[in-house]
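Each remark here refers to the structure printed beneath this line.
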Amino acid sequence: MICVSKKKSYLKSQNLKIFGQGKLNGIVEISGAKNSALVLLAASLLTNEKIVLHNVPRLTDIEKMCNILRNLGVNVIEKNNKLELDSQNISIEELPYELVKGLRASFFCIGPLLSKFGEAKVPLPGGCNIGSRPIDEHINGLKALGAEILIEEGIVKAKIKGEKSKLIGTHLKLNCPSVGATETLIMAASLAEGRTTIENAAREPEVQDLCQMLNKMGAKIYDSGKEKIIIDGVNKLGGCIHKVIPDRIEAGTFLITAAATSSSITISPVIPNHLEAVTNTLQKSGSKITIKGNSITINPKELKAVNINTAPFPGFPTDLQAPFTALMTIANGESKITETIFENRMNHVHLLNKMGANIKLNKNVASIKGVNTIYGMDLIASDLRSSAALIIAGIIAKGSSRIYGLEHLDRGYENFESKLKILGIKIKREFVERGFTNKEYKISSNTDEIPKTRAA
Ligand code: EPZ
4 MICVSKKKSY
14 LKSQNLKIFG
24 QGKLNGIVEI
34 SGAKNSALVL
44 LAASLLTNEK
54 IVLHNVPRLT
64 DIEKMCNILR
74 NLGVNVIEKN
84 NKLELDSQNI
94 SIEELPYELV
104 KGLRASFFCI
114 GPLLSKFGEA
124 KVPLPGGCNI
134 GSRPIDEHIN
144 GLKALGAEIL
154 IEEGIVKAKI
164 KGEKSKLIGT
174 HLKLNCPSVG
184 ATETLIMAAS
194 LAEGRTTIEN
204 AAREPEVQDL
214 CQMLNKMGAK
224 IYDSGKEKII
234 IDGVNKLGGC
244 IHKVIPDRIE
254 AGTFLITAAA
264 TSSSITISPV
274 IPNHLEAVTN
284 TLQKSGSKIT
294 IKGNSITINP
304 KELKAVNINT
314 APFPGFPTDL
324 QAPFTALMTI
334 ANGESKITET
344 IFENRMNHVH
354 LLNKMGANIK
364 LNKNVASIKG
374 VNTIYGMDLI
384 ASDLRSSAAL
394 IIAGIIAKGS
404 SRIYGLEHLD
414 RGYENFESKL
424 KILGIKIKRE
434 FVERGFTNKE
444 YKISSNTDEI
454 PKTRAA
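Position one of the sequence shown corresponds to residue 4 (this note's numbering), numbered consecutively onward.
Here it is as structure tokens:
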């Protein structure tokens, strides 16, 4: 018997309300790098001693990773942007899927757990809105280091082959310079027996930051940031204190926003050579860039259309492709944006066109004809960097916009709207609680339970 009763439910949603045609002015503080902090947290599993991380950005992805470590028995103490990690009581229980889903970076745990305990069980990281995100490079590399890998019911089960208690160093050559695979294999090789070389390694600053912290812990890693990295395995890794590098993607997002609004701002702290491809491109498009120590000042003079192809570091970062596409919608002339890293990272294009942009998309190539004006709209972001692109578009646009899908934004930008507000942008986070009645269906065989209601 089915009965229907009325039940009040509430839909809580939040959005960013942006008043368009804004200007930025002043200095903005850049947070620690999300894509460094996540892998450094995983690396804490490699030691029984205390790791202290400074300049950790407060993001939902970081919170999720901390919970995964806690589930493994790591004692995590959070004090604002400082984390203390004590891994002496780790258990290698299987990571629960509820904790892992939606955080690809959880897969970073497999290398340290396998290398330190001889086995690891980590759920397969799913794909996401920007692509299938395979892990074949991780798996092939771990197998070459002496691991047996089974994937059963969505769980990657790894163990060191035979009676060996350690992985064995070897020569590895990646088919593509995968950031995550490079980091997984560096962490696994750091406690292996003998030397591992990784050819066609990723050179991103976040990989270099990981190597710097591991060397502080007693690892022997050479030539990080180069195409071939050398790791001489050691018996044990100790604790250390480490400061996370500044987030080059957040920094680039603010520079692009300044260029889009013809605003002059200064960003700090940054490591300028982490942003060279971005600052060179912005100079080509008409902005004056001044570098002084760990700060960069941008002075846009005009906005010319320029072409970009995303590429592994030191090329133009794929994580800034969407924000740069938003910038090019109002540039003088025609530009071509080619995404070469991920197969589905153009989700923002059709939304920018709804705002009045003129972009033709052919697979991963966006051909943009600059327009004078785009118009504010209510839009839903579908991934982290698209949400930044839509916010930039909302700031450029005539009229106001509401940007939804903030769960994506909050994964990767610390206090984003507060920083924009301090720079002079009229932006606020709106919390909307919409009540609505919905029909609640209850199935019961006992008629006494069923409230008196009109039969369907
Ligand atoms: C890291 O992802 C970053 N995430 C990404 O940032 C970033 O976009 C990406 O590197 C590229 O720079 C973190 O560091 C947590 P990849 P990752 O492995 O490691 C292919 C953001 O917005 N590939 O370098 O997953 C893959 O399909 C996020 O902050 C394989 O084929 O990226 C992709 O086409 C998004 N096999 C290319 O390599 C593999 O085993 C680059 O992926 C692994 C990757």
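Backbone N, C-alpha and C define an ideal beta-carbon position, used for all residues, glycine too.
With hydrogens ignored, establish whether the beta-carbon of residue i is closer than 6 Å to any heavy atom of the ligand ADP.
i      : result
Asp-89 : The model on display carries the ligand EPZ but not the ligand ADP.
Could you please give me the residues that DSSP links to residue i through a beta bridge?
i       : result
Ser-16  : Val-435
Asp-212 : The partner list for Asp-212 (beta bridge, DSSP) is empty, contrary to what the question assumes.
Ala-108 : Its beta-bridge partners do not exist; DSSP assigns none.
Thr-313 : Phe-319
Ile-270 : Val-31 and Ile-299
Leu-460 : Because the chain is modelled from 4 through 459, residue 460 falls outside the range shown and cannot be assessed.
Glu-196 : Ile-171
Leu-364 : Ala-369
Lys-124 : Lys-160
Glu-155 : Ile-158
Arg-206 : Paired residues: none, contrary to the question.
Asn-38  : Bridge partners of Asn-38: none, in fact.
Cβ of residue i within 7 Å of Cβ of residue j?
i       : j       : result
Gly-397 : Tyr-378 : no
Leu-255 : Val-273 : Correcting the residue identity first, residue 255 is Gly in this sequence and not Leu. It is not a contact, given that the beta carbons lie outside the stated cut-off.
Leu-72  : Lys-119 : no
Ser-385 : Ile-21  : no
Asn-326 : Ala-400 : Strictly speaking, residue 326 in this sequence is Pro, with Asn absent from that position. Cβ atoms of Pro-326 and Ala-400: not closer than 7 Å.
Ile-201 : Leu-188 : yes
Thr-185 : Gly-25  : no
Ala-334 : Ala-308 : yes
Ser-47  : Ser-94  : no
Glu-305 : Ser-39  : no
Ala-45  : Cys-112 : yes
Glu-87  : Gly-241 : no
Leu-373 : Gly-402 : The sequence given here has Gly at residue 373, not Leu. No, the pair does not count as a contact, with Cβ atoms beyond the cut-off.
Lys-162 : Glu-122 : yes
Pro-315 : Pro-128 : no
Ser-290 : Ala-262 : yes
Thr-199 : Ile-152 : no
Leu-41  : Ala-147 : no
Lys-422 : Ile-430 : no
His-411 : Leu-387 : yes
Glu-97  : Lys-67  : no
Here's the rule: buried if 16 or more other CB atoms are within 10 angstroms of the residue's CB, otherwise exposed. What is residue i?
i       : result
Ser-16  : exposed
Asn-92  : exposed
Glu-452 : Caution is warranted here: a pLDDT of 46 is assigned to Glu-452, below 50, making its placement in the model unreliable, and no coordinate value can be reported.
Leu-19  : buried
Asn-375 : exposed
Tyr-100 : exposed
Lys-37  : buried
Thr-456 : Summary for Thr-456: the model assigns pLDDT 35, below 50, so the residue's position carries little reliability; its value from the coordinates is reported in the next sentence. Answer is exposed; the Cβ neighbour count stays below 16.
Asn-58  : buried
Thr-332 : buried
His-353 : exposed
Val-435 : exposed
Gly-23  : buried
Thr-313 : buried
Lys-104 : exposed
Asp-250 : buried
Ser-338 : buried
Ala-458 : At Ala-458, the pLDDT of 33 sits below 50, so the modelled position is not reliable and the matter cannot be decided from this model.
Glu-230 : exposed
Glu-420 : buried
Ile-311 : buried
Asp-381 : exposed
Arg-296 : At residue 296 the sequence reads Gly, which differs from the Arg that was named. So Gly-296 ends up on the exposed side.
Glu-342 : buried
Roughly how far, in whole angstroms, is the beta-carbon of residue i from the beta-carbon of residue j, given that I think they are within contact range, below 8 Å?
i       : j       : result
Asn-70  : Leu-102 : 6 Å
His-383 : Tyr-407 : Checking the sequence, you will find Ile at residue 383 rather than His. Right, their Cβ atoms sit about 4 Å apart.
Ala-150 : Lys-164 : 7 Å
Pro-275 : Ile-252 : In fact, because the Cβ distance is near 15 Å, the residues do not count as touching under 8 Å.
Pro-320 : Glu-279 : So it is not a contact: roughly 11 Å between Cβ atoms.
Asn-178 : Glu-140 : 6 Å
Counting pairs of Cβ atoms below 8 Å between the stretch 231-250 and the stretch 279-290, do you hit three or more?
Not touching, per the Cβ criterion.
State whether the stretch 162-176 contacts the stretch 188-196, with contact taken as three or more CB pairs (one from each stretch) at a distance under 8 Å.
Output reads yes: the stretch 188-196 touches the stretch 162-176.
Are three or more beta carbon pairs between the stretch 258-271 and the stretch 18-33 nearer than 8 Å?
Between the stretch 258-271 and the stretch 18-33 there are three or more inter-stretch CB-CB distances shorter than 8 Å, so the stretches are counted as touching.
With a threshold of 8 Å, are at least 3 pairs of Cβ atoms found where one atom belongs to the stretch 288-303 and the other to the stretch 60-76?
Contact fails: fewer than three Cβ-Cβ distances are below 8 Å.
Tell me, please, whether the stretch 346-363 touches the stretch 134-149 by the rule of three or more beta-carbon pairs shorter than 8 Å.
With a cut-off of 8 Å, the stretch 134-149 and the stretch 346-363 count as touching, because enough Cβ pairs lie within range.
Taking one C-beta from the stretch 71-91 and one from the stretch 145-156 each time, how about it: are there three or more such pairs within less than 8 Å?
The stretch 71-91 makes no contact with the stretch 145-156: fewer than 3 CB pairs, one atom from each, lie closer than 8 Å.
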